[in-house]
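Accompanying notes for the structure given below.
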Amino acid sequence: MPEPGHLSPSVSLTVETCQSIADITRSDWERLAGRNNPFLRHEFLHALELSGCTRAETGWQPSHLVFRVNGELAGIAPAYLKTHSMGEYVFDWAWADAYQRHGLAYYPKLLIAIPFTPSQGPRLLLEPGLRQKLGPGQVPELLDSLMPQLGAHSWHLLFPDAADQALLTHEQELHRTGCQFHWHNRNYDGFDDFLAQLTSRKRKSIRKERRQVSEQGISFQRFHGRDIPDHVLSAFYVFYQATYLKRGQRPYLNRQFFELVRENLSEHLHLVMAVRDGEMIAGALFLNGANTLYGRYWGCLDEFNHLHFETCYYQGIELAIELGLTHFDAGAQGEHKLVRGFEPVITHSWHGIRHPGFREAIAAFTEDEAEHVAGYYEEALTLLPFRQRNGD
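For the sequence shown, my numbering gives the first residue as 19, with consecutive numbering after it.
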């Protein structure tokens, strides 16, 4: 009998790639990924491909991993062959620049991640029996072996959950950490119940922000799934585009993608639209999983006091409470969430670098970075606005 955490010598475990999620049947994908996490749904990833958002021309060539045991499908993972580092939220621009300065190619690279989505979750969608038999380092070794076939110089697995992290930890790991800010629902009856847990000063500050939004004549409307009218989706898409255009960037997603999500993932989809004088002036899009609300996209044309905080955070908190969700992941950006009741969370990524010299340099960088992130996380904990931690 093989030892726990080790495959029998008679077991052949292989990994290959396919260039479209359509090459994997939805039933096979759902058997391994389930239906609870919207970003892992076959329909979500297919919408990205059908709309042309993830294709070779955009630098996101689908290269989904297919794991086989003795030739039989035993695992999958969303993956892309990348020719740039945009839309990832784990930044390796400095690594790419260093390669270029030394006359070396950094791209293409294999990215195992959900495009444009800095949310933690499963990435290695493996059959339970296979997961139990895999030992530390076996998955990284498989990914390393795949690189020459793809012509890739590195692989990067972003925002895995704890179960995947256990498979990625090994002696030669290149492990990066980061810090996000998430909100937790501790059985609140409503927004005021949440506010009651904050210090008096923070309660007053949030109530003042919400009141000032209202005093500007702004109200909010919510729409769900297939009940989102075309004119509302169109208004939201204008706001979404504006977020990128203000920074001189093209938006990652097109209107067709959002139409496909509305049609095929309607049970997960929520839109919050801000209205003033009968006109929509801003919007935020949310997706919900089994336990988590994900705040994903937002935009506005004109600036109003505290409108971003209200639309993206306070409306999201209210929505999470109403849906009975325990967790609200509002995205990658930062510290301003702390005083609004969002708590620090450590995020993770793993990286396989083929070049031995750069691998050594990047390993030193990740160790220093991890110390900084740990200190930042501990300091953030001291700034939380809750009464039971800071007094009132």
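The C-beta atom is built at its ideal place from N, Cα and C for all residues, glycine as well.
Asked, Found
"Three-state secondary structure assigned by DSSP to residue 172", "strand"
"Proximity of residue 67 and residue 56 at Cβ, strictly below 8 Å", "no"
"Residue 50 - DSSP class collapsed to helix/strand/coil", "helix"
"Proximity below 8 Å, CB of residue 165 to CB of residue 238", "no"
"In chain order, each beta strand (DSSP E) run of at least 3 residues that lies wholly inside the segment 135-221", "172-176, 193-202"
"With 16 other Cβ atoms within 10 Å as the buried cut-off, status of residue 136", "buried"
"Extent of the continuous beta strand (DSSP E) to which residue 250 belongs", "No beta strand (DSSP E) contains residue 250, which is instead part of the alpha helix (DSSP H) from 248-263."
"Straight-line Cα distance separating residue 379 from residue 386", "11 Å"
"Alpha-carbon to alpha-carbon, residue 388 and residue 408", "In this prediction, residue 408 scores a pLDDT of 42, lower than 50, which makes its location untrustworthy; the coordinate-derived value is nonetheless stated afterwards. Approximately 27 Å, taken between the alpha carbons."
"DSSP state of residue 126 mapped onto helix, strand, coil", "coil"
"Residue of 53, 40, 42 minimising C-alpha distance to residue 309", "53"
"Where residue 10 falls: helix, strand or coil (DSSP)", "In the structure as shown, the chain starts at 19 and stops at 410, and residue 10 therefore has no counterpart that could be examined."
"Separation of residue 221 from residue 47, as counted between CA atoms", "45 Å"
"Pairwise C-alpha distance: residue 193 and residue 391", "12 Å"
"Endpoints, alpha helix (DSSP H) assigned at residue 66", "60-68"
"8 Å contact criterion, which residue 316 and residue 302 should meet: CB distance rounded", "4 Å"
"Presumed contact (8 Å Cβ cut-off) between residue 334 and residue 319, rounded CB distance", "That belief does not hold up - the Cβ atoms of residue 334 and residue 319 are roughly 21 Å apart, past 8 Å."
"Backbone secondary structure at residue 102 - three-state DSSP", "coil"
"Rounded C-alpha distance that separates residue 202 from residue 336", "12 Å"
"Simplified DSSP assignment, three categories, for residue 242", "strand"
"Cβ pair residue 174, residue 127 closer than 8 Å", "yes"
"Integer Cβ distance of residue 62 from residue 283, believed to fall under 8 Å", "6 Å"
"Outcome for residue 171 when other beta-carbon atoms lying within 10 angstroms are tallied against a minimum of 16", "buried"
"Short Cβ contact (8 Å threshold) for residue 376 with residue 116", "yes"
"Rounded C-alpha distance that separates residue 327 from residue 189", "43 Å"
"Proximity below 8 Å, CB of residue 367 to CB of residue 209", "no"
"With 16 other Cβ atoms within 10 Å as the buried cut-off, status of residue 362", "buried"
"Selection from 299, 151, 45, 131 that minimises the alpha carbon distance to residue 369", "131"
"Cα-Cα separation between residue 348 and residue 280, rounded to whole angstroms", "20 Å"
"Proximity below 8 Å, CB of residue 322 to CB of residue 313", "no"
"Beta-carbon spacing of residue 241, residue 289 below 8 Å", "yes"
"Three-state secondary structure assigned by DSSP to residue 97", "strand"
"Own chain partners of residue 234 with C-beta closer than 6 Å, once the 5 adjacent residues on each side are dropped", "322"
"Residue of 351, 161, 59, 179 minimising C-alpha distance to residue 39", "59"
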